[in-house]
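Structure first, then comments.
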Amino acid sequence: MRIPSLISLLGFILIVVATYCPMLCPLGLMNWNVFDLNKPYAIAMLLVAVIGIIGVVFSVTKVARIAAWLSLVLAVLLYAAAYFQVKDYFTFIPFKGIATFLTSKIKFKWGWYVLFTGAVLALSSIFIPKKQEVYNKTT
1 MRIPSLISLL GFILIVVATY CPMLCPLGLM NWNVFDLNKP YAIAMLLVAV IGIIGVVFSV
61 TKVARIAAWL SLVLAVLLYA AAYFQVKDYF TFIPFKGIAT FLTSKIKFKW GWYVLFTGAV
121 LALSSIFIPK KQEVYNKTT
């Protein structure tokens with residue numbers, strides 16, 4: 001296995017690990033991971049990561065590349081959805097000061113770093129070219 005393939009494999013493994021890492025901490029009461037945020041979305045992220053791992057292990061580069069791009073897109077969409085959900089979570093409260101205070105108590109946790117690091121590592125193997133073998137032709 002090439003070094004870029006191992007880096008990509010590490011990235012896909014980090015994506016699987018990141019789904020279990022804490023992503024949000026609402027009001028300091030508990031930690032939410034991707035499964036607590038949206039279970040079908042978490043299963044889709046795991047499925048894409050497993051397909052990427054299979055593509056890397058069996059050296060199917062097109063599948064691994066598609067899975068790497070898809071994992072980055074899913075991570076960005078999840079972050080955008082969580083960000084907008086946090087900003088609109090307490091809009092039902094008629095007092096803007098109380099709503100902004102409660103919104104400030106929802107904290108993003110370190111799991112986002114693991115998720116984006118995994119997606120970028122999985123994607124990094126795309127930009128590293130394969131070495132061309134040069135054969136000397138002697139007659």
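Take 1 as the starting number for the sequence shown in full-length UniProt numbering and just add one per residue. Glycine included, every Cβ here is placed at the ideal spot set by N, Cα and C.
Here DSSP, grouped into helix, strand and coil, assigns PHE58 to coil. The Cβ neighbour count for THR19, taken over all protein chains shown within 10 Å, is at least 16; the residue is labelled buried. About 5 Å separates the CB atoms of PHE90 and LEU102; that is less than 8 Å, so the two are in contact. Closest in C-alpha terms to LYS109, from the list SER71, CYS25 and ILE98, comes CYS25. Here GLY28 is exposed, its C-beta having fewer than 16 other C-beta atoms within 10 Å. Within its own chain, the residues whose Cβ lies closer than 7 Å to the Cβ of LEU14, once the five positions on either side in sequence are excluded, are VAL114, THR117, GLY118 and LEU121, listed in chain order. With a cutoff of 7 Å on beta-carbon distance, ALA44 and GLY52 are scored as not near each other. The Cβ atoms of LEU10 and VAL56 lie no closer than 7 Å to each other.
A straight line joining the alpha-carbon of GLY111 with that of ARG2 spans about 28 Å. Selection GLY97, PHE95, LEU47 and PHE35 evaluated against ALA68 yields LEU47 as nearest (Cα-Cα). Annotation: LEU77 to PRO4 spans about 26 Å, alpha carbon to alpha carbon.
Taking ASP88 as reference, the option from ALA99, TYR79 and ILE126 with the minimal CA-CA separation is ALA99.
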